[in-house]
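4 protein chains.
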Amino acid sequence: MSGRLTANRYGKHQVRVSKIRRPRRAPANQERHEFVEYAVDVELEGAFDVAFTAGDNRPVIATDTCKNTIYVLAKDHPLDTPESFGVAIVEHFMGRYEHVSRCVARLTETVWDRLNDSPHGFVARDRATPTARVELARGGQPVVNSGVEKVLIAKTTESGFVDFHRDDLRTLPDTDDRILATQLSATWTYAGEVADFAAAREAIVNALLGRFLDHYSRSVQETLYLMGQAALEACADMQEITLTMPNKHHLLANLAPFQRENANEVFVVTDEPFGYITGTVAR
Amino acid sequence: MSGRLTANRYGKHQVRVSKIRRPRRAPANQERHEFVEYAVDVELEGAFDVAFTAGDNRPVIATDTCKNTIYVLAKDHPLDTPESFGVAIVEHFMGRYEHVSRCVARLTETVWDRLNDSPHGFVARDRATPTARVELARGGQPVVNSGVEKVLIAKTTESGFVDFHRDDLRTLPDTDDRILATQLSATWTYAGEVADFAAAREAIVNALLGRFLDHYSRSVQETLYLMGQAALEACADMQEITLTMPNKHHLLANLAPFQRENANEVFVVTDEPFGYITGTVAR
Amino acid sequence: MSGRLTANRYGKHQVRVSKIRRPRRAPANQERHEFVEYAVDVELEGAFDVAFTAGDNRPVIATDTCKNTIYVLAKDHPLDTPESFGVAIVEHFMGRYEHVSRCVARLTETVWDRLNDSPHGFVARDRATPTARVELARGGQPVVNSGVEKVLIAKTTESGFVDFHRDDLRTLPDTDDRILATQLSATWTYAGEVADFAAAREAIVNALLGRFLDHYSRSVQETLYLMGQAALEACADMQEITLTMPNKHHLLANLAPFQRENANEVFVVTDEPFGYITGTVAR
Amino acid sequence: MSGRLTANRYGKHQVRVSKIRRPRRAPANQERHEFVEYAVDVELEGAFDVAFTAGDNRPVIATDTCKNTIYVLAKDHPLDTPESFGVAIVEHFMGRYEHVSRCVARLTETVWDRLNDSPHGFVARDRATPTARVELARGGQPVVNSGVEKVLIAKTTESGFVDFHRDDLRTLPDTDDRILATQLSATWTYAGEVADFAAAREAIVNALLGRFLDHYSRSVQETLYLMGQAALEACADMQEITLTMPNKHHLLANLAPFQRENANEVFVVTDEPFGYITGTVAR
Chain A
1 MSGRLTANRY GKHQVRVSKI RRPRRAPANQ ERHEFVEYAV DVELEGAFDV AFTAGDNRPV
61 IATDTCKNTI YVLAKDHPLD TPESFGVAIV EHFMGRYEHV SRCVARLTET VWDRLNDSPH
121 GFVARDRATP TARVELARGG QPVVNSGVEK VLIAKTTESG FVDFHRDDLR TLPDTDDRIL
181 ATQLSATWTY AGEVADFAAA REAIVNALLG RFLDHYSRSV QETLYLMGQA ALEACADMQE
241 ITLTMPNKHH LLANLAPFQR ENANEVFVVT DEPFGYITGT VAR
Chain B
1001 MSGRLTANRY GKHQVRVSKI RRPRRAPANQ ERHEFVEYAV DVELEGAFDV AFTAGDNRPV
1061 IATDTCKNTI YVLAKDHPLD TPESFGVAIV EHFMGRYEHV SRCVARLTET VWDRLNDSPH
1121 GFVARDRATP TARVELARGG QPVVNSGVEK VLIAKTTESG FVDFHRDDLR TLPDTDDRIL
1181 ATQLSATWTY AGEVADFAAA REAIVNALLG RFLDHYSRSV QETLYLMGQA ALEACADMQE
1241 ITLTMPNKHH LLANLAPFQR ENANEVFVVT DEPFGYITGT VAR
Chain C
2001 MSGRLTANRY GKHQVRVSKI RRPRRAPANQ ERHEFVEYAV DVELEGAFDV AFTAGDNRPV
2061 IATDTCKNTI YVLAKDHPLD TPESFGVAIV EHFMGRYEHV SRCVARLTET VWDRLNDSPH
2121 GFVARDRATP TARVELARGG QPVVNSGVEK VLIAKTTESG FVDFHRDDLR TLPDTDDRIL
2181 ATQLSATWTY AGEVADFAAA REAIVNALLG RFLDHYSRSV QETLYLMGQA ALEACADMQE
2241 ITLTMPNKHH LLANLAPFQR ENANEVFVVT DEPFGYITGT VAR
Chain D
3001 MSGRLTANRY GKHQVRVSKI RRPRRAPANQ ERHEFVEYAV DVELEGAFDV AFTAGDNRPV
3061 IATDTCKNTI YVLAKDHPLD TPESFGVAIV EHFMGRYEHV SRCVARLTET VWDRLNDSPH
3121 GFVARDRATP TARVELARGG QPVVNSGVEK VLIAKTTESG FVDFHRDDLR TLPDTDDRIL
3181 ATQLSATWTY AGEVADFAAA REAIVNALLG RFLDHYSRSV QETLYLMGQA ALEACADMQE
3241 ITLTMPNKHH LLANLAPFQR ENANEVFVVT DEPFGYITGT VAR
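Residue numbers (our numbering), protein chains in the order written: chain A, 1 to 283; chain B, 1001 to 1283; chain C, 2001 to 2283; chain D, 3001 to 3283.
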């Protein structure tokens, strides 16, 4: 039969694990817990071709074993940041299995914020979700990408869009006052060692949000670029950042048929179609 | 042809509207905006049978007109709470169309929290979503139900489950220490006029969260009941509250095969199947 | 503390089970399998108040036990239809636990169609999903509701909407030719014993689809009513049927600004807002 | 301020368009319609940097204009296949705008199958969704990727998994009889001109499904490879194919605690975590 296997990759996705951390041992219900939850994808490349081409499973680390591994590593690791746990995961697979040539771990955190300053009560956040991606190739160093997802932000003025390309397919008028709303996501890389991934993320997210607000936006594009610059300024270790800013449209409702003025007051909210803008800013 | 029409109802769903409120007029970019967003469902009952049985559309207020109406009402109304806007919607339809016998509005708020104390910058919250349902029947008064959805909370100790029914289909062991996590939702009714729906909701949610934490939970059932009582205590106007507390399971990972102890430390997080518990607590 | 428990209910949701049926025993890989998959919700009412009010779990059949039960019953039952399995579930819970006063089972089938006439190959269908709901109260008989969900159908002509209510909030023009598209769902009840739920469902769905096509539709309302009548005619055992037909809008694209005619040719497809129409037709 | 813009891209996503094709003109309701629906993403690269770095929007073709363009092109094009429409889209943007250096269109089809041989009645399919991706860089030729998504298939026997890597983290036992279920997706490229994309896709999908069934599967990996080979054999124009076959686990229910044998009969169906396997097969 014809057909060569030119690439392959496999692993386990959506391994969801939570952990109670007990920083200081204390009598039972006086312990002050920390509570973390990650969803982990792990993928392997290496000398697995025979499984595909010859039905020979001997090199295959079952995806079920990959899952077991995540739980065991979650026991042995402090789960302090998704980045550090991602590094532990890829180093485990590369260290233990010589025939694996590349391992990638992707992590998404469900952030549990402390509730009412309780020692053991938490409420989950669903915005500004931290993400990490760690890749390790045989002979190399772990490459860490950090990120944040699902940051739904808006400015209700100080945004316009004028003088864009005009031709016979354009119907959108110029406007010097509109709502700019976006579901921001970002990923970034670091130049060297990072002492504290959580502190870096916090500084970066704060810089992104602050810059989003601090200027009159002439386009999503301009604001994206300024936000990328702000992030680079806020984190000296950052090498480059990619921002994705889909336009979450709030369209001025047409109230003219109903004898109402609508001076940027009432808007129709739509999910699709949506404008998609992405850009990368580097040192 | 056989078959009588015994019930019918129609309307428009997922009418999503946002509004910029400008409490005090001020020079352009010094205005301090408020920003609100609702998704509205409206449904009508009444003398619409001929549309079904005779193809006679004359009584039918098009669902497109229902949509227009929401936008126009959003212009005329302050959109201060989903409850008050819901009342305005049902009163509009009942007041304008004599052949409508019943109108129901359901509203879900996307809460836009102020960002960095900016006068026009906002970040959307995706937890603890306010909801309202208002129903008005011909000759009656609007009946308001308030609610809250998507409150994902956990306590990492102070929860157990023992001595439940034992038979040959039970395999779950007793435990006096477990994670209790739930995605709380609640709806409640009021005994009379309510001065401030937003203040009532805040008091109720705070009471629910506080009670969730303040005791050793012997079951989701017990905690649900205590939370319902706390809500009744916190809001004198409330008549009854229905709580739904699906169990968001964090199951102790079995690390025994890997020679690791797991003293309530590492958990497998699953979405399904899930325990479902609901109850109503009334004065 | 104030607050009486006035209602409660609990159970397990999303218990997903599949089963290989081997109608005739045959040498290993010559068996002709059937493959079925259900997602089951089960809910119980009864003498459970003490769990809520006194933390007394002795009457509580753990939701984990409910889950075990579904798997065990799936072993003992042929899983020939969701209705018959639903009956078996509610009869099990009512028969075994005297303190349960009411049991409800809801089932959704993932239909696995045979693939290429293979004895053991299947492809899942994601449209026209069968559903069932069975309720049994102490002292009564099981009440079976059958249904079907996710039937996305359209007619590209033979549909119009004219002469509907006209006022200052109406902007939609009359049209005598439009696309009518809907995601049909239906539930129905039976007058007496039903010999073959699967045959009944097939006859009903065929009648619904046939009637959807066979006339010029003057409104979704009219078509819904005609479809309900057709279903009653097709299944003598049916007592009443409730149809829900949300409008999946295909809106004529406005190509006038681009010097193109659009004689019902190109449409903008939107998911929201959407018209919602429901009605019940009974003998 | 620091920070160089090193990459950018933008466009409109989820532009959903449907079209009625009337192959032969005929008196009104005797026309035999065809009905197609695509969701289109279009993205542009080019000389847009000044929009990011200088707030200069003059080169920016508004995403709203991109949306208009899709509707206009849908009028002018037969919409016979997602591939051919994708080619028309990228050629339009590259032909009209000299400052665009690269255009990518991604299309997903909602297949409307004819219902009851009606000339204008259709039912939407939600499995085996056709996809296409077309990319055109300045100076090059359109590069077409075809694909198919959401093909949920299972074999209830003729599948095993034995002799895979054994270590202290493995707990999964060998099995020579299991359910193999997967949600197949595939994308492929062509070596040259393709006369009929729809015929090619049909041949490829049939080959994939046929091969899925025709052998005893020693692993997902082996079956994936054999399926890729079958696709190459079935379509002479195909250059390479990438298959993704996530494992949709049906896990043998443990009925031992309930004194029931479970000889591959009853299974627990889970969505996560799930095994992920992907591979590329080329000539």
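Just so you know, even glycine gets a beta-carbon here, dropped at the ideal spot from N, CA and C.
Quantities reported herein were computed from a predicted structural model and do not represent experimental measurements.
| Item | Value |
| --- | --- |
| Cβ-heavy atom distance, C/A2263 to the ligand SAH, below 7 Å | Because no ligand of any kind appears in the structure shown, any question about the ligand SAH cannot be addressed here. |
| A/V162 versus D/E3272, D/A3062, D/E3034, D/G3279, residue with shortest Cα-Cα distance | D/A3062 |
| DSSP bridge partner residues for C/A2128 (one or two, in chain order) | C/A2128 is not bridged to any residue. |
| Residues bridged to D/S3146 [DSSP beta-bridge criterion] | D/A3132, D/W3188 |
| Alpha-carbon spacing of B/T1187 relative to B/G1160, whole angstroms | 26 Å |
| Cβ contact check for the stretch 3125-3135 of chain D and the stretch 3084-3100 of chain D: 3 or more pairs under 8 Å | yes |
| The stretch 34-45 of chain A / the stretch 104-115 of chain A touching (three or more Cβ pairs under 8 Å) | yes |
| The stretch 2136-2150 of chain C / the stretch 2162-2177 of chain C touching (three or more Cβ pairs under 8 Å) | no |
| Residues in the stretch 3155-3179 of chain D having any Cβ partner in chain B nearer than 8 Å | D3168, L3169, T3171 |
| Candidates B/L1226, B/E1109, B/A1203, B/R1058: closest to B/Q1014 by CA position | B/E1109 |
| 8 Å Cβ cutoff, C/F2258 in contact with chain A | yes |
| Counted within 10 angstroms of its Cβ, other Cβ atoms place C/T2182 as buried (16 or more) or exposed | buried |
| is_contact[D/K3019, chain A] using C-beta, thresh 8 Å | no |
| Amino acids of chain C, ordered along the chain, whose beta-carbon sits closer than 9 Å to that of B/N1008 | Q2221, L2224, Y2225, I2277, T2278, G2279, T2280 |
| Own chain partners of B/G1275 with C-beta closer than 6 Å, once the 5 adjacent residues on each side are dropped | N1247 |
| One or two residues paired with D/S3217 in a DSSP bridge | D/S3159 |
| Cβ-Cβ separation, C/L2184 to C/M2238 (assumed contact under 8 Å), whole Å | The pair is not a contact, with the Cβ atoms about 16 Å apart (cut-off 8 Å). |
| Neighbour list for A/S2 in chain D, Cβ cutoff strictly below 7 Å | Q3229, L3232, E3233, R3283 |
| Expected contact under 8 Å - CB spacing of D/N3068 and C/F2035 to nearest Å | About 47 Å separates the two Cβ atoms, so there is no contact after all. |
| Interface partners of D/K3075 on chain C, CB under 9 Å | A2253, L2255, F2258, R2260, E2261, N2262, E2265, V2266 |
| A/K248, DSSP secondary structure in three states | coil |
| Listed by chain order, chain A residues near B/S1118 by CB distance under 8 Å | K155, L213 |
| Exposure label - A/T156; buried when at least 16 CB within 10 Å | buried |
| Close Cβ partners of A/R125 (< 6 Å) along its chain, the five nearest in sequence each way excluded | V111, D113 |
| Residue-level contact to chain D via CB, A/T63, 8 Å cutoff | yes |
| Limits of the beta strand (DSSP E) - the one that A/C235 falls within | Looking at the DSSP string, A/C235 is not in any beta strand (DSSP E), and its letter there is neither H nor E. |
| Per-residue contacts from A/A124 into chain B (C-beta, under 8 Å) | R1127, L1152, I1153, A1154 |
| CA-to-CA distance, B/A1230 to C/L2005, given in whole angstroms | 13 Å |
| Buried or exposed (CB count within 10 angstroms, at least 16 for buried), A/H99 | exposed |
| 8 Å Cβ cutoff met for A/L255 and A/N264 | no |
| Whole-angstrom C-beta distance between A/E233 and D/S3002, which should lie under 8 Å | 6 Å |
| Closer than 8 Å to chain B by CB, A/N247 | no |
| Short Cβ contact (8 Å threshold) for D/Y3225 with D/V3281 | yes |
| Straight-line Cα distance separating C/L2180 from C/T1976 | Outside the shown range of chain C (2001 to 2283) lies residue 1976 of chain C, about which nothing can therefore be said. |
| Beta-carbon neighbours of D/F3035, restricted to chain C and to distances below 7 Å | A2154, T2156 |
| Residue burial classification, B/R1283 (beta-carbon count within 10 angstroms, cutoff 16) | exposed |
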